[in-house]
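Chains as they are written, first to last, in this note's numbering: chain A, 255 to 421; chain B, 255 to 421; chain C, 255 to 421; chain D, 255 to 421; chain E, 255 to 421; chain F, 255 to 421. Written out below as structure tokens is the structure these notes cover.
Shown next as structure tokens:
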């Protein structure tokens, strides 16, 4: 009943003040979403380079060029969002004490994602993937989950850090 | 050079008519996004049931109730979107010939996601997860990737079909 | 009052389990949204072909080219979404029994929308419109509403299947 | 070829300055999208009033209450967006000269949509529908398309102004 | 308590009918969001003109051209949205009586934003900024807040109407 | 001309590799968007507390409760996005050298925004505003723009850090 509930607000809130520091909290965080977004950026660059092999671009090629750049852009934003969520919602003092490089690494992912967005540059995308894999590795370590590297089962066939759930 | 490109449109398009049947095509499809969304729905129901254990709800509990329902809703939509993308973009005649149940299974996922959205009903969510796991299993089979079942490394600790990339 | 409500959860949910299979349910479904989206794709192709008539493209033409492709892309996605909603939320066993072609037709709309998105190809867009009109015709039939074909009152002046509400 | 194109920018832009005053321009405007959104708001209120008939609300009812309000909210925003597009993109001086009430009518739709969003009030929704129907009637008149009123073929079975395309 | 609340619906709604005419209402309206969006459009045109200075465009330049046009497009839409919100939610009869030009000014902003979206035309963007500044000036006047003009502290270094909060 | 452009890709990219590290770059960053979002959260809490003053909630009050919580939620997300953009796109090594607290401050804003989202707690919102004002102050300092504190000219009438542009 609302009336009583509100009568107990202070108590409720003091309880919340000590306990509630993350969203919902659903505790379902997984760097795979960020990793998939980087893979998509790499894939877009590979396809842009296939267009590059042509001596001239047809109208369809021009349109495809624009679609590829737009997808690269969108997934670059997604990388930033996904990392921001894990960094800003999951990572708290205990994780920062254990992995003091997390602020610097997270920030360097933002800069690397910007560079990969602004350029058609595979090495910039691979540099971003390397940072996101490092982030994923630390994330799984912080949860006590072992990891392994494997080639993702689709293009662009890059090495991804996965949690070892089979063991 | 645009002028030439447009001069060659007919040729270009006849080429495209036989080859182009999917978006971009980036070929990066992964059912994990749909699986994560179902796990989130299950988690929301678990948290809604924790609220249920309380004899009355504070204003914060009321707000949390609304936030949990909204997240469940949003992730139910995400399940539908992710399955629609794989069903509508990746699955073509060869996959339908090999797995004739795909239309029926995909459609049943839509109905199951609606049911899980409209109710605070864990069994409806688990039924949805079971269907999405079946879909994931077929998806990986169709790509010649072996799968295994493992408990996801976060709440709600359900069994998920994963591609076996370690082998 | 919340307390009693939660006390009666089992009863409530068993009721829901048998009755609830669609979203909200608001029962307001109309294929016109999908039809409008296809018309927009056709219109974009017509405008892209007007650009094609030019011997060279100015910077504004280049920008317009990109805007037209982006709009075609966005509306191609909208077609998929709108059809997915009717197929996945409205169409259930009774409609599937009456119109067994609905899975195949819905899936072929997804593939046709992808093709129309990826190409500057009027015939691909017209093929998509034909399929969406077939879908609209079945939809209205399933509701016992007669239909008629008429030219839409705006560009690209294509024949659209409309419900006959005047009778 | 870009170089030449840019060399001719001034000429190009002076041309554009006299001709280009609307988006794209695709010329595909249809008030049906706004009308469908109002119908959805009315439907949400009807369903909210069905909940009202219950002596108490279960947890599922509470969740449904929130989902209905959220849908009403979202569709109220959609009404505003759809009317803003036609008013701001399609309606220009000639339409304003012919229908001087358009600014006042469009603005009153915004206020009526706000009222319908903020209240669970069927009469406020019906008032909004009446204004949107008036807007649709003027829109079709301005295009020289006759209109008729008919009951929409789904709940909430309200009278809608439709273009007469069968004639 | 829900039961009683619903028993008192008529009384509640009659109260709402006379009082509720805006969203939420949060009363936090600020034209700065629209002004920032116009500044971004101007900035995109300046950067597009920097590309113009090049004798030819690399693939990166082509991609950047598309990104700049897309950003200009997106911010043109944002201008329309932000002005629609203030015009449609905040401006009511008292403001219309005091500033009878508001309908015409708001509508002219929509047309000017469309023109600025469709062209790479700095003068069109500056014309839009002038109108949005006029709108901002009237808005602050209507709230009894004095304004001043100053150069915004970032590119494109244009004169913006700001509320004078320092006095 | 595309052919030449692509022929010169390596050269182009090596140029880009040293120069391009931010999005677009449009250089238009303004913390006012984040500040407005926090003000909205505070306002939502004030309105939620007005509801609190009522002995019972009508159906409209229940709906308003949900709308207020949803707006608070949405603006909490906006605070995080706006701060992420400035931290991740604008702040680079020079700013970090001058203001070494920026990582810690940005991260603490994410945690504070989560807390303000999850609770109906004015003090949590005010704590968030204080952090965002600190962030704004450093941002303007880093650009050599003096700041001053003033009460925002709308509810919730809180002290905001503004750039001093009048001087």
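Glycine included, every Cβ here is placed at the ideal spot set by N, Cα and C.
When C-alpha distances from residue 384 of chain D are compared across D:364, D:398 and D:373, the shortest belongs to D:364. For the 9 Å CB-CB criterion, residue 400 of chain C and residue 367 of chain C do not form a contact. Here residue 417 of chain B is buried. Its C-beta has 16 or more other C-beta atoms within 10 Å. When C:342, C:337, C:359 and C:330 are compared, the shortest CA-CA separation from residue 333 of chain B is found for C:342.
Residues of chain F with a Cβ closer than 7 Å to the Cβ of residue 373 of chain D are, in chain order, 314. Residue range 313-339 is occupied by the alpha helix (DSSP H) that includes residue 337 of chain D, with no beta strand (DSSP E) assigned at that position. Close CB contacts of residue 325 of chain C within its chain, under the 8 Å cut and outside five residues either way in sequence, are with 294 and 298 (chain order). What residue 294 of chain F touches in chain E, judged by beta-carbon distance under 7 Å, is 280 and 282, going in chain order. For residue 418 of chain F, the chain E residues whose C-beta falls within less than 8 Å of its own C-beta are 420, listed in chain order.
Think of a sphere of 7 Å around the beta carbon of residue 297 of chain D: no beta carbon from chain B falls inside it, the nearest being about 15 Å out. Residues of the stretch 392-408 of chain F whose Cβ lies closer than 7 Å to any Cβ of chain E, in chain order: 397, 399, 402, 404, 407 and 408. Scanning B:296, B:302 and B:307 for the CA closest to the CA of residue 320 of chain B turns up B:302. Counting only Cβ-Cβ distances below 8 Å, residue 329 of chain B has no contacts in chain D at all, with the closest Cβ about 14 Å away. Against residue 324 of chain A, the close residues of chain C are 324 and 327, in the order they occur along the chain (beta-carbon pairs closer than 8 Å). Its chain contains 293, 296, 380, 383, 405 and 406 as the residues whose beta carbon lies nearer than 8 Å to that of residue 412 of chain A, once the 5 sequence neighbours on both sides are disregarded; these appear in chain order. Interface annotation, residue 307 of chain C: not in contact with chain E, CB-CB separation never under 9 Å.
One alpha carbon belongs to residue 286 of chain E, the other to residue 410 of chain E, and they sit about 15 Å apart. Just so you know, the alpha carbons of residue 323 of chain D and residue 414 of chain E end up roughly 39 Å apart.
Put simply, the backbone Cα of residue 361 of chain A is about 12 Å away from that of residue 340 of chain A.
Think of a sphere of 9 Å around the beta carbon of residue 287 of chain A: the chain B residues whose beta carbon falls inside it are 286, 287 and 290, in chain order.
Look at residue 415 of chain A here: in three-state DSSP terms it is strand. With fewer than 16 other beta carbons inside 10 angstroms of its own, residue 402 of chain D counts as exposed. Counting along the chain, no beta strand (DSSP E) covers residue 352 of chain A; the unbroken alpha helix (DSSP H) around it starts and ends at 347-352. The Cβ of residue 338 of chain E sits no closer than 9 Å to any Cβ of chain A. Cα atoms of residue 352 of chain B and residue 307 of chain E: separation of roughly 56 Å, rounded to the nearest angstrom. The C-beta of residue 358 of chain F has fewer than 16 other C-beta atoms within 10 Å across all chains shown, which makes the residue exposed. The C-beta of residue 382 of chain F comes no closer than 9 Å to any C-beta of chain B. The beta-carbon of residue 302 of chain D is placed no less than 9 Å from the nearest beta-carbon of chain C. Listed by position along chain C, the residues whose Cβ is nearer than 7 Å to that of residue 317 of chain A are 323 and 374. Closest by C-alpha distance to residue 329 of chain B, out of B:369, B:398 and B:347, is B:369. Residue 355 of chain F counts as exposed, since fewer than 16 other C-beta atoms from the protein chains shown sit within 10 angstroms of its C-beta. Residue 396 of chain E has its alpha-carbon roughly 26 Å from the corresponding atom of residue 350 of chain D. Under the three-state reduction of DSSP output, residue 404 of chain E falls in the strand class. Within the same chain, and ignoring the five residues on either side of residue 291 of chain F in sequence, the residues whose Cβ sits closer than 8 Å to its Cβ are 329, 330, 332, 333 and 336. Taking 9 Å as the threshold, the shortest C-beta distance from residue 320 of chain D to chain B falls below it.
A Cβ of chain C is located within less than 9 Å of the beta carbon of residue 367 of chain B.
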